[in-house]
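Following: one structure in structure tokens, then a few remarks.
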Amino acid sequence: MSNPGTSVHGAGFARKRAALTAGFSIAALLLTGCVQSQREESTGAEGDAAVDSTFVFAASSDPKSLDPAFASDGESFRVSRQIFEGLVGVEPGTADPAPLLAESWETAEDGLSTVFQLKEGVTFHDGTPFDAEAVCFNFDRWYNWTGIQQAETTSYYYGSLFRGFADSPDKAVYESCEANGDNEVTINLAKPFAGFIAALSLPAFAMQSPTALEEYAADEIGGTAEAPSLSEYALGHPVGTGPFKFDAWNVGQQLELSIYDDYWGEKGQITNTIFRIIDDPQARRQALEAGDIDGYDLVAPADTQSLKDAGYNITPRDPFTILYLGMNQAIPELKDPKVREAIAHAIDKDALVAQTLPEGTEVATQFIPEVVDGYNEDVTTYDYDPERAKELLAEAGYPDGFEVTFNYPTNVSRPYMPTPEQVFTNLQAQLDEVGITVTPAPAAWSPDYLNQVQGTPDHGLHLLGWTGDYNDTDNFIGVFFGQEKLEFGFNNPELFAALDEARGVSDRDQQTELYKEINEQIAEFNPAIPLAHPAPSLAFAPRVTSYPASPVNDEVFTDIELSE
Amino acid sequence: MLRVIGKRIALLIPTLFGLSILLFLWVRNLPGGPATALLGEKATPEAIARVNELYGFDRPLITQYLTYMGKLLQGDFGVSINTGRPVLEEFATRFPATLELTVVALVFAIGVGIPLGYLAARHYGRFLDHGSVVLSLVGITIPVFFLAFILKYLFAIQWSLLPPDGRQSPRIDATHYTQFYVLDGLLTGEYDAAWDAFLHLILPGLALGTIPLAIIVRITRASVLEVQNADYVRTARAKGLMERTIRGSFILRNAMLPVVTTIGLQLGLLISGAVLTETVFAFNGIGRFLRDAIFGLDYPVLQGFIIFIAILYALINLIVDLSYSVIDPRVRVQ
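The listed protein sequences correspond, in order, to chains A and C.
All residue numbers for the first sequence refer to the working numbering, where the first residue is 27 and numbers rise by one.
All residue numbers for the second sequence refer to the working numbering, where the first residue is 18 and numbers rise by one.
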């Protein structure tokens, strides 16, 4: 136990001191007005060589699985995005699909077959070439899953987007895959699926090495149906074509990746990536302040300003979220459209956003963010008008208002709902203004709150929301209003049918029109009130000068820029 | 002695069996289902039904219990719902962390507590005595998590003297065999790693050790006070024995009995204290794992954990009982 001077903590000090020195130097330079010449000097190769090429990012939990095909959570995908690549990626900074391992594609007119041209000279981390055969291997793997592999807890995305497996071909969207030579592949679908290309940008559909999948028995999950267990592959042998390869996973502590030397693309400054597991948001902030980590996601809104003041870089993510106020129609008062309209008029969304939600949050008029297909500029809105709300309540037979339960979660922070308690308090006051008295019903997020709101009819007004997985309208409104749900307690066959129809349309333009109409239909029916599109933020150490924040979390660490 | 140990272990079996039934029923009747916890906000009612079926939560309790016990007897604690790994493996990787932390906390509590309590008694009624009484009162009153926050804020964030979280600094490259990080570092000759791991133990160790420390100070003080006025001490003095012998062999030794009992009891409490401490310091031990299991309603882990803790408690009690006979031969283990 000698040699404390060379401990890592010592390095932390050195870095802190360096940052401080740098801070003073910059201030001095600004004062003397010679910033320009200095900047030219420091962008040289010398500057790059001095960069600490290990990047430490705090994750809020371990990934659920290193096999992205059997994962659906953000922390798994954050890691997958470094290790794996799909045929389709995402246009940087947007939610739109872009070429990745497929350089181009062409979909037949009927929407059923798509021919992909694959990037040449790409290899997986184990040396296996990436080619048409590898693509078919992956598609066939997903399609042929059986038993537990089909459970929603394992293959959520394949199950919900491609609907059926080889043992239920009548439900399946996927049909077959053909390799036309090494670098061209045709995927045939059994039914039209307009969101097919966009869906392929999800890490769940990333390309994995056929050799490694077989060698480490990726499909062997769970000996018993009672508790599926992870495969050997998912525990420690993920092999993709991405810029980073897997090194080690010390569960509960950290996960380590290093640069793949034969990566086909740009490598960037970072050679080692460490995902440090820190589940407490407060602890993540403190780890950043202590210099132990370089950055973390989902900064508490209350922390953004003070971190900024302390010299940390705050990067807002374009909102790809929706926060709404649900109105359960199993409650007689809420079944009355007039009452729902009154509540909509009673809410001052601007004040709510300004007072309780982070910077960059946009007020919502509908249940999809503006960049998603089918966004309707002319959708019916209910402006803040407490007088009108009171009138409507009187018309509905509640001149003195009424009492209703308001369910909200506590001690939870979601990208779309960083501070539920504050949002609740704010709305409570606004509703009180028009005579609606709410009975607070707070509950712990999981399983209590979710269970009560989604699994029982026993709730009134409630807060919930969504973060989009990829650019797909059905991924928002289809999820909320596509079928009868206990959460909202209504049965509107017309709406359900419209959503079902829109989902199956293969022509994108036609589909967009249908979704615009549906958004209007939802606005008129008013089953819930879209409140805001909260913008989550990331925080970084001063040395992180650029981070490629993406609305759909598609951030590959090769794009990060470091200054020291 | 061996027979005594054997007998104790044999007694443990029906105890654990009864306990397992009670806990099984209790855990299964916690509010909320595991399916929602597992599937999160994207769950549809069909999916929840499917998961319940998959995990067997919809089957009769007795069937579930028998399946569970059958596996348990074969050493199969099941698979964690949260992590998809075998429960036993999860314990095996995390328990060393908690044990390491507990040892540091105990060394601190005993190393400071006994001398302080002893000195307080020796200087009865004087400044040192009053000081230690106040200190131990504060130590008992202050909640573990609050103390943990304060320690972390001051020493890790404000003054950057010690690491704020985890068991090892992220950038350090260390090999692990035993999962006792300090030991691993010493064994492999990676002294930096060992030192780094040790630094990570200090703050959580202090936070965790404070309550036992306060209690040990009080018990030691009271016990020494009682013993030093006992007849045999007076007799020893009258016989002209050296003061050092009197203090060592007579007072301290005899005063230790209640202290050892207390330490034994504290060991059990340390595990629950570890839940809070490990959470604050993002320390990857069984305490934090237990908390995750509670919040995530990870049934296999909760059940396995409680059985595990029950065995641990029984073992600690056995050790405490055995140590009595070492300290005081009059106490026979039966």
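Ideal Cβ placement from N, Cα and C applies to all residues, glycine included.
Just so we're clear, the structure is a prediction, and the values are computed from it rather than from any experiment.
Contact under 8 Å by Cβ, residue i with residue j
i              : j              : result
residue 329(C) : residue 161(C) : no
residue 240(C) : residue 276(C) : yes
residue 356(C) : residue 324(C) : Within the shown structure, residues of chain C are numbered from 18 to 351, placing residue 356(C) beyond reach of any answer.
residue 128(C) : residue 236(C) : no
residue 248(A) : residue 269(A) : no
residue 213(A) : residue 139(A) : yes
residue 244(A) : residue 206(A) : no
residue 95(C)  : residue 321(C) : yes
residue 430(A) : residue 520(A) : no
residue 184(C) : residue 271(C) : no
residue 491(A) : residue 348(A) : yes
residue 122(C) : residue 229(C) : yes
residue 322(A) : residue 84(A)  : yes
residue 487(A) : residue 464(A) : yes
residue 138(C) : residue 238(C) : yes
Element boundaries [alpha helix (DSSP H), containing residue i]
i              : result
residue 549(A) : 534 to 551
residue 259(A) : 258 to 262
residue 480(A) : 476 to 481
residue 217(C) : 208 to 245
residue 113(C) : 104 to 139
residue 223(A) : 222 to 225
residue 94(C)  : Counting along the chain, residue 94(C) falls outside any alpha helix (DSSP H), and DSSP gives it neither H nor E.
residue 334(A) : 327 to 335
residue 358(A) : 358 to 361
residue 256(C) : No alpha helix (DSSP H) holds residue 256(C); DSSP gives it neither H nor E.
residue 147(C) : 144 to 158
residue 320(C) : 316 to 344
residue 81(C)  : 78 to 90
residue 304(C) : 303 to 312
residue 300(C) : No alpha helix (DSSP H) contains residue 300(C), which DSSP labels as neither H nor E.
Host beta strand (DSSP E) of residue i (start-end)
i              : result
residue 115(A) : 114 to 116
residue 572(A) : 570 to 572
residue 177(C) : Taken as a continuous stretch (DSSP letters only), residue 177(C) belongs to no beta strand (DSSP E), as it is neither H nor E.
residue 123(A) : 123 to 125
residue 282(A) : 280 to 285
residue 674(A) : The structure shown does not extend to residue 674(A), since chain A is modelled only from 27 to 590, so the question has no answer here.
residue 559(A) : 554 to 559
residue 130(A) : 128 to 133
residue 293(C) : Not the beta strand (DSSP E): residue 293(C) falls in the alpha helix (DSSP H), residues 270 to 297.
residue 501(A) : Here residue 501(A) belongs to no beta strand (DSSP E), and DSSP marks it neither H nor E.
residue 302(A) : 298 to 303
residue 82(A)  : 80 to 85
Cβ separation of residue i and residue j, assumed to be a contact under 8 Å, to the nearest whole Å
i              : j              : result
residue 405(A) : residue 545(A) : 5 Å
residue 354(A) : residue 515(A) : 5 Å
residue 161(A) : residue 144(A) : 7 Å
residue 496(A) : residue 224(A) : 5 Å
residue 112(A) : residue 219(A) : Their Cβ separation, rounded to whole angstroms, is 16 Å, which puts residue 112(A) and residue 219(A) out of contact at 8 Å.
residue 235(A) : residue 154(A) : 5 Å
residue 493(A) : residue 573(A) : Incorrect: roughly 18 Å between the Cβ atoms, too far for contact.
residue 173(C) : residue 220(C) : 7 Å
residue 233(A) : residue 266(A) : 7 Å
residue 460(A) : residue 427(A) : 7 Å
residue 326(A) : residue 307(A) : 6 Å
residue 378(A) : residue 453(A) : 7 Å
The ligand ATP heavy atom lying under 7 Å from the CB of residue i
i              : result
residue 264(C) : Of ligands this structure carries none, so the ligand ATP is not represented either.
**Item:** Whole runs of the beta strand (DSSP E) within the region 182 to 210 of chain A, excluding any shorter than 3 residues
**Value:** 200 to 205
**Prompt:** If you scan the region 376 to 445 of chain A from start to end, which runs of the alpha helix (DSSP H) of 4 or more residues do you find wholly inside it?
**Reply:** 412 to 421
**Asked** Can we say the region 252 to 266 of chain C touches the region 304 to 312 of chain C, given the rule of at least three CB pairs closer than 8 Å?
**Response** no
**Item:** alpha helix (DSSP H) runs contained entirely in the region 147 to 177 of chain A, provided each spans 4 or more residues
**Value:** 158 to 169
**Request:** Could you say if the region 272 to 286 of chain A and the region 117 to 137 of chain A meet the contact criterion of at least three C-beta pairs nearer than 8 Å?
**Result:** no
**Request:** Spell out a yes or no on whether the region 547 to 567 of chain A and the region 382 to 393 of chain A are touching, meaning 3 or more CB-CB pairs, one atom from each, closer than 8 Å.
**Result:** yes
**Prompt:** Hey, is the region 296 to 316 of chain A in contact with the region 580 to 587 of chain A, meaning 3+ C-beta pairs nearer than 8 Å?
**Reply:** yes
**Asked** Taking three-plus beta-carbon pairs below 8 Å as touching, is the region 354 to 371 of chain A in contact with the region 23 to 37 of chain C?
**Response** no
**Asked** Just checking, does the region 175 to 188 of chain A make contact with the region 88 to 98 of chain A on the three C-beta pairs under 8 Å criterion?
**Response** yes
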